[in-house]
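Novice: First the structure, which I've put down as structure tokens, then a few questions once you've had a look.
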Amino acid sequence: MERRYASHPQEVKQFDTARLRKEFHIPTLFTADKLELVLTHEDRLIIGGALPVREEVKLETDLKELGVGFFLERREIGIINVGGTGTVTADGTAYELNHKECLYVGMGTKEVSFTSHDPHNPAKFYLNSAPAHKVFPTVKATLEEADSSALGSFKNSNDRVIYRFIHQNGIQSSQLVMGMTLLKEGSIWNTMPAHTHPRRMEAYMYFDLPEDAVVFHLMGQPSETRHIVMRNEQAVISPSWSIHSGVGTSNYTFIWGMAGDNKKYDDMDPVSMKELQ
1 MERRYASHPQ EVKQFDTARL RKEFHIPTLF TADKLELVLT HEDRLIIGGA LPVREEVKLE
61 TDLKELGVGF FLERREIGII NVGGTGTVTA DGTAYELNHK ECLYVGMGTK EVSFTSHDPH
121 NPAKFYLNSA PAHKVFPTVK ATLEEADSSA LGSFKNSNDR VIYRFIHQNG IQSSQLVMGM
181 TLLKEGSIWN TMPAHTHPRR MEAYMYFDLP EDAVVFHLMG QPSETRHIVM RNEQAVISPS
241 WSIHSGVGTS NYTFIWGMAG DNKKYDDMDP VSMKELQ
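For the sequence shown, the residue numbers in the UniProt record's numbering are 1 to 277.
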């Protein structure tokens, strides 16, 4: 498991492109028959992916890094499948996940594993795990079962649908909040006007991007913005002091995950367009 440390906003002002990418960009989430994990010290969120092709992949890592006997001893995890149909098995109970379906697995679950139904169209399980203080039941949700809302407009290039899976009024968790935003064809902007939420960090994972397309992910303090170029199935860490917005060369989908002081999806501090620099 790779470790990333937290950064101070005054320090980040001095970063060049290579340093920005080293600190915040996660280029590889899916490696055949492996588990990829990145631990950020921003609220101790773990970001990763499991790509079981011909073998079962288990949720395991160097437990000294977490100070526990098993991965979810003091953690919870949200899982969204962005590939073909697969199965997540949690302490012997199998949960089939189709494309863009979500599974929450609660603290105390000792064994979690991932398999694909078809090696020619394998499942791709994107993972967000946060520290937990209370046990909540394991729950699956489809897109139809998620709390959804349409926002934006074609005129403003941000016509989109937001699906909230794990949040205050949805699947219950200790602190993890997780969902997905789908931009419609012809729309390219996400989360603009921008916002921050100093009480929670956030991570984005962009997918459904054509091979030759990119998203320019915007980050930094409102008066000191920077960008990171994102490609398909890559993730980015957003500290609580940073905006997190983006514009693509085509429409795309992204998964957002948050950890921090509360589970309110709409707890944010808006940034006016006049403030951005």
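Beta carbons: idealized from backbone N, C-alpha and C, even for Gly. Bear in mind the structure is a predicted one, so any value in this text is a computation, not a measurement.
Who are the Cβ neighbours of residue 296 in its own chain at under 7 Å, not counting the five residues just before and after it?
Specialist: This structure does not reach residue 296, given that the chain is present from 1 up to 277, and the question cannot be answered.
Novice: Is the beta carbon of residue 161 sitting closer than 9 Å to the one on residue 181?
Specialist: Taking the sequence shown and counting its residues from 1, one reaches residue 161 at position 161. Taking the sequence shown and counting its residues from 1, one reaches residue 181 at position 181. Result yes, Cβ atoms of residue 161 and residue 181 sit closer than 9 Å.
Novice: Within 10 Å of its beta-carbon, does residue 165 have 16 or more other beta-carbons around it, so buried, or fewer, so exposed?
Specialist: What you label residue 165 is simply residue 165 of the sequence shown in a count that begins at 1. Classification for residue 165: buried.
Novice: Can you tell me whether residue 63 is helix, strand or coil according to DSSP?
Specialist: Taking the first residue of the sequence shown as position 1, residue 63 is located at position 63. Residue 63 falls in the coil class under three-state DSSP.
Novice: What residue does the beta strand (DSSP E) around residue 18 start on, and which one ends it?
Specialist: Your numbering for residue 18 matches position 18 in the sequence shown. It is not in any beta strand (DSSP E) - residue 18 instead sits in the alpha helix (DSSP H) that spans 17-24.
Novice: Going by the beta-carbon positions, is the gap between residue 176 and residue 265 smaller than 9 Å?
Specialist: The sequence position of residue 176 within the sequence shown is 176, counting from 1. The sequence position of residue 265 within the sequence shown is 265, counting from 1. No, these two residues do not count as a Cβ contact at 9 Å.
Novice: Output the distance between the C-alpha atoms of residue 113 and residue 127, rounded to the nearest integer angstrom.
Specialist: For the purposes of this step, residue 113 is identified with residue 113 of the sequence shown, where counting begins at 1. For the purposes of this step, residue 127 is identified with residue 127 of the sequence shown, where counting begins at 1. For residue 113 and residue 127, the distance between alpha carbons rounds to 12 Å.
Novice: Report the rounded CA-to-CA distance for residue 148 versus residue 202, giving the unit in angstroms.
Specialist: Counting from 1 along the sequence shown, the entry for residue 148 is found at position 148. Counting from 1 along the sequence shown, the entry for residue 202 is found at position 202. Taking the straight line joining both Cα atoms gives about 19 Å.
Novice: So residue 312 and residue 215 are in contact, right, with Cβ under 8 Å, and what is the actual spacing, rounded?
Specialist: Since the displayed the chain opens at 1 and closes at 277, residue 312 lies outside it and no answer follows.
Novice: With 16 other CB atoms within 10 Å as the buried threshold, where does residue 233 fall?
Specialist: Walking along the sequence shown from the start, residue 233 turns up at place 233. Buried, since its Cβ has 16 or more Cβ neighbours within 10 Å.
Novice: Output the distance between the C-alpha atoms of residue 117 and residue 98, rounded to the nearest integer angstrom.
Specialist: On the sequence shown, residue 117 is found 117 positions in, with the first residue counted as 1. On the sequence shown, residue 98 is found 98 positions in, with the first residue counted as 1. Their backbone Cα atoms lie some 10 Å apart in a straight line.
Novice: So, at 7 Å on beta carbons, what are the nonlocal neighbours of residue 20 in its own chain, with the 5 sequence-adjacent residues on each side left out?
Specialist: In the sequence shown, counting from the first residue as 1, residue 20 sits at position 20. Around residue 20: 226 and 228.
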